[in-house]
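Counting with our numbering, you get residues 11 to 348 for the letters of the sequence shown.
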Amino acid sequence: MRKSKFVKLKLRHASFISRALLSTRHPVLAHLIPMRRCNLACGYCNEYDHTSSPVPLDVIKRRLDKLADLGTSIVTISGGEPMMHPELDDIIHHIRQRGMIAGLISNGYYFTPERIKRLNKAGLEHLQISIDNVEPDAVSRKSLRVLDKKLRYLSEYADFHVNINSVIGGGIKNPEDALSVARRAVELKFSTTVGVIHDNDGTLKPLSTKEKDVFQQVKKLGNKDHARLNWFQDSIAEGKPYQWRCRAGARYLYICEDGLVHWCSQQRGYPGIPLEDYTMADFDREYNTEKWCAPTCTLQCVHQVGILDNWRDPQQAPGLTKPESSLKDTIHEVLRAE
Ligand code: SF4
Ligand code: SF4
């Protein structure tokens, strides 16, 4: 990424952070899904299919306009594999035209020099690729060996910030793979982060001694600011719950391919309201609603957004934040979520 563009991006971040600290009444980050389809089939993933069509560009633009009208600071395009959407460049361009920061989460398979140059031109500002292992296996083909050539292309041609995320825990066979991934990221001058994940059955279990050692080493290689923002991971690594205020449905929004607002990828169905009908009353309700899944949550980006408001506005258990008269709506939402 060019130095001048990097400085500009840093300044925009600073201005968005100050705005978020001064006012609680706008979304900071939205994840938008332009298609559910993916070219891979990772064993742990519940966020893809192999058949769905891309959401039409005009529909996506309307969703982006609504996010801009709500005052959203950052829109990150996710999936499925968003690089499979034929109009991804137009989507990114529209995010920028509406004054929001444009991010992308991808499995990295589709990056070629030509494709990267088009993303530069569209105005992409952030890219995150998660790499799960060094050699592909039955669970994941998001592997350093397969993706290294793509990373070299990115290092040479990308005029946007690239972050490489590795993972640890969850029964991943070789914890030291996370270290190999992080070292390669640093070599190529990318930033690097590490995600601590649960066991396959979703339970919190402390990392093994070896995993903890790798976790600490990878954290040292990574972005210091990021490590400071992710102190919840130390609790998760110890198998302990972490108390925080998840502001999903308000400061963080997850918009699925059907245009519904959900708390996040792991809590789809809540509140499950169409984005076009989403009001500041919905925003306020979700901002003030305590999420039962918060103590064991490992979603880094929602934690980071939560830090902006962790010190203010205590939340209430679901149900207490709605007037009595809306009990019917609550039941309807729960049933719809089922
Ligand atoms: S690449 Fe991403 S979206 Fe696709 S199956 Fe793997 S984790 Fe899921
Ligand atoms: S706590 Fe985590 S899992 Fe629960 S709604 Fe928030 S982001 Fe989603």
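Where is the CB? At the ideal position from N, CA and C, for every residue including glycine.
For residue i versus residue j, is the C-beta distance shorter than 8 Å?
| i | j | result |
| --- | --- | --- |
| R162 | L50 | no |
| S116 | P92 | yes |
| I246 | L214 | yes |
| C256 | C307 | yes |
| I141 | L157 | yes |
| S176 | V204 | yes |
| I105 | L39 | no |
| E221 | G179 | yes |
| Q138 | L189 | no |
| Q276 | E300 | no |
| L270 | I283 | yes |
| A112 | G81 | no |
| P281 | G249 | no |
| E97 | L67 | yes |
| L285 | K76 | yes |
| V196 | L231 | yes |
Which term fits residue i, buried or exposed, when burial requires 16 or more other beta carbons within 10 angstroms of its beta carbon?
| i | result |
| --- | --- |
| F322 | Reading the sequence as shown, one finds Arg at residue 322 and not Phe. Exposed, since its Cβ has fewer than 16 Cβ neighbours within 10 Å. |
| L32 | exposed |
| D79 | exposed |
| M290 | exposed |
| W241 | exposed |
| R261 | buried |
| T219 | exposed |
| I126 | buried |
| R295 | buried |
| S185 | Correcting the residue identity first, residue 185 is Pro in this sequence and not Ser. P185 comes out buried. |
| K13 | exposed |
| N56 | exposed |
| T202 | buried |
| V17 | exposed |
How is residue i classed by DSSP in three states: helix, strand or coil?
| i | result |
| --- | --- |
| Y262 | strand |
| G316 | helix |
| T306 | helix |
| I341 | Low confidence applies here, because I341 scores a pLDDT of 33, under 50, leaving its location unreliable and the question unanswered by this model. |
| I174 | strand |
| V206 | strand |
| S25 | helix |
| I246 | helix |
| S153 | strand |
| L270 | strand |
| Q325 | coil |
| I102 | helix |
| S201 | strand |
| K13 | helix |
| T299 | strand |
| P333 | Model confidence at P333 stands at a pLDDT of 41, short of 50, so the residue's coordinates are unreliable; what they give is reported in the following sentence. Correct three-state label for P333: coil. |
Suppose the cutoff is 7 Å on Cβ atoms and the five residues either side in sequence are ignored; what does the same chain contact list for residue i look like?
| i | result |
| --- | --- |
| I70 | P44, I101 |
| V149 | C52, G53, Y54 |
| W254 | F242, A304, H313, G316, N320 |
| K15 | D169 |
| R46 | Y58, D59, S62, G89, G90, E267 |
| L74 | V85, H104, I105, R108 |
| V172 | L137, L164, F200 |
| H36 | L80, G81, T82 |
| Y288 | V271 |
| M11 | A168, D169, F170, H171 |
Grab me the residues of residue i's own chain with a C-beta within less than 6 Å of its C-beta, minus the 5 sequence neighbours each way, in chain order.
| i | result |
| --- | --- |
| H313 | F242 |
| D99 | R128, A132 |
| A30 | V38, L318 |
| K183 | none |
| Q120 | Residue 120 is actually Tyr in this sequence, not Gln. Hits under 6 Å: M93. |
| H41 | T86, S88, Y264 |
| K338 | Since pLDDT at K338 reaches only 40, below the 50 mark, its modelled position is unreliable, and no value is offered. |
| Y297 | R257, A260 |
Below 8 Å CB to CB, which residues in the same chain sit around residue i once its five sequence neighbours on both sides are set aside?
| i | result |
| --- | --- |
| R194 | L154, D158, L161, I174 |
| H23 | I111 |
| D244 | none |
Is the closest heavy atom of ligand 3 to the C-beta of residue i under 7 Å?
| i | result |
| --- | --- |
| N175 | Only ligand 1 and ligand 2 can be found as ligands here, which leaves ligand 3 out of the picture. |
8 Å is my cut-off, CB to CB: does residue i come that close to chain D?
| i | result |
| --- | --- |
| I115 | Annotation note: the requested chain D is absent from the structure, which comprises a single protein chain. |
- Could you give the uninterrupted runs of the alpha helix (DSSP H) lying entirely in the stretch 107–146, keeping only those of 4 residues or more? Look at the stretch 107–146 and you find these whole runs of alpha helix (DSSP H), each 4 residues long or longer: 123–132.
- Task: Return the chain-ordered ranges of every alpha helix (DSSP H) run that is complete within the stretch 34–96 and spans a minimum of 4 residues.
- Result: Fully enclosed alpha helix (DSSP H) runs of 4 or longer: 67–79.
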